[in-house]
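All remarks here apply to the structure that follows.
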Amino acid sequence: MKFLKLFGRLKSVVIGMVHVRALPGTPRSSLPLTQITDKACHEAEIYKDAGVDGLIVENMHDLPYTVYVGPEITAAMSVISAAVKHTCPRLPLGIQILCSANQQAVAVALAAGLDFIRVEGFVFSHVADEGMINACAGDLLRYRKQIGAQHVQIFADIKKKHSAHALTADVSISETAKAAELFLADGIVLTGTATGMQADPKELKEVEHAVKIPVLIGSGVTLENLECEALTHEQALARVMPISI
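In this note's numbering, the protein residues as written are 5 to 249.
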């Protein structure tokens, strides 16, 4: 299994999220790219010293998100990700580009030497706060093949947070997970309804029993709920609050 080869184990894996500052061209942008990159690398070093098992870089502060991600965002994320990789060369490193810029994320991963991406809208459509998000698995995996990035693993969110899922209300969480596995995702990411909200322990158990690929927790991981038996059976993709510098 590729996950096992990358992280060395299947259980109790913690991946720290590096939330880069608002990128040039976005409404809240106030810093030059060099300073944004330095801050991201400093946060990565803090995570490394804390003993996390991996890192993921995300453009969290590019609010409000858009499905029309420009080339300036892809270029900036390439520079930042390459710098973080240089800072933490031995840690598995991934990327997510909001919103749903999944092909761009694969391209950045290949260029910067990253190991995985986190994907929104991999299977089934949903309505997000950015608008309609359509399933991308077929196009994404073909693009990954075309550019020679098959080694870049795909961790797919299902029933994504900050979204309405009335369109697929008749599709259970376990069936959604099975569809992602069928469409060759390398891992499933399960979250609460919003950033910082705990994933439903019942849903975690349901998904864990439905698929053979790793199941990761994508929001609301705390020291307190890690003691919950349902959560200790999973791997945690920890949404840790960025450190203000």
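Note that beta-carbon positions come from the ideal geometry of N, C-alpha and C, so glycine has one too.
Identity of the residue in S176, H65 and Q100 nearest K163 by Cα: Walking along the sequence shown from the start, residue 163 turns up at place 159. Distances from the CA of K163 to each of S176, H65 and Q100 were compared; the closest alpha carbon is that of S176.
How is M201 classed by DSSP in three states: helix, strand or coil? Within the sequence shown, the letter at position 197 stands for residue 201. Here M201 sits in coil by DSSP.
Taking only the alpha-carbon atoms, compute the straight-line gap between P31 and L67 and give it to the nearest angstrom. To locate residue 31, count along the sequence shown from 1; it is residue 27. To locate residue 67, count along the sequence shown from 1; it is residue 63. So the two alpha carbons sit approximately 7 Å from each other.
Three Cβ pairs or more, each shorter than 8 Å: is that satisfied between the stretch 148-161 and the stretch 109-127? yes
When every heavy atom of the ligand GDP is checked, does at least one fall within less than 7 Å of the C-beta of C92? Although the ligand GDP was asked about, the structure shown includes no ligands whatsoever.
What are the partner residues of M21, as DSSP defines its beta bridges? Position 17 of the sequence shown, counted from the first residue, corresponds to residue 21. M21 pairs with I60.
Comparing alpha-carbon positions, which option in Q108, L95 and I99 lies nearest G74? Residue mapping note: residue 74 aligns to position 70 of the sequence shown, counting from 1. Per the Cα distances, Q108.
Opening and closing residue of the alpha helix (DSSP H) in which L35 lies: Mapped onto the sequence shown, residue 35 falls at position 31. No alpha helix (DSSP H) holds L35; DSSP gives it neither H nor E.
Using the C-alpha atoms, what's the distance from S129 back to M136? The residue given as residue 136 occupies position 132 in the sequence shown. The residue given as residue 129 occupies position 125 in the sequence shown. Taking the straight line from one Cα to the other gives about 7 Å.
Quick check on the DSSP output: the alpha helix (DSSP H) that includes Q154 runs from which residue to which? What you label residue 154 is simply residue 150 of the sequence shown in a count that begins at 1. Note, Q154: premise wrong, no alpha helix (DSSP H); not H, not E.
Best match in V88, Y72, Y147 and E210 for proximity to L194 [C-alpha to C-alpha]: Sequence index remark: in the sequence shown, residue 194 carries index 190 (1-based). It is E210.
Counting only runs of 4+ residues fully inside the stretch 157-186, write out the alpha helix (DSSP H) ranges in chain order. 177-186
Using three-state DSSP, classify V71 as helix, strand or coil. Here residue 71 is taken as the residue at index 67 of the sequence shown, counted from 1. It is coil, neither helix nor strand.
Please return the same chain residues whose Cβ sits closer than 7 Å to the Cβ of L188, not counting the five positions on each side in sequence. Translated into positions along the sequence shown, residue 188 becomes position 184. So the list reads L145, once near-sequence residues are dropped.
Quick one: what's got a C-beta closer than 6 Å to A115's C-beta in the same chain, skipping five residues either side? Your numbering for residue 115 matches position 111 in the sequence shown. Scanning its chain for C-beta atoms nearer than 6 Å, with the 5 sequence neighbours on each side dropped, one finds around A115 the residues S82, in chain order.
Please report the residue range of the beta strand (DSSP E) in which V225 lies. Working through the sequence shown from its first residue, we reach residue 225 at position 221. Element bounds for V225: n/a, residue is neither H nor E.
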